[in-house]
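Please read the structure below before turning to the comments.
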Amino acid sequence: MKGERVLQFTAGSDDEQRTAGLPAGIYVLNAVKWGEKSVVKKFAVKK
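Quick note: the sequence shown uses this note's numbering, first residue 2, plus one each step.
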C-alpha cells in the first residue's frame, strides 16, 4: 500500500458521484461524522 489519499469528499455533495470512477484496487474508507466516532473499512474495486 502506498498510503496516499486518492479521493476526499463530503457525503451528500456533488463530489459523492466521483467514487464510481475509482480504478481497480484496494482502498481504505475513513468516514467521520462531526463530533462522533469514525468508521474505517477496507474494500476492493474490481473492473
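Glycine included, each C-beta is placed from N, C-alpha and C at the ideal position.
Excluding five sequence positions before and after V40, the CB atoms of its chain that fall closer than 7 Å to its own CB belong to A32, given in chain order. The beta-bridge partner set that DSSP reports for K42 consists of L30. The Cβ-Cβ distance between A12 and I27 does not fall below 8 Å. If you ignore the 5 residues before and after K43, its C-beta comes within less than 8 Å of the C-beta of I27, Y28, V29 and L30, all in its own chain and listed in chain order.
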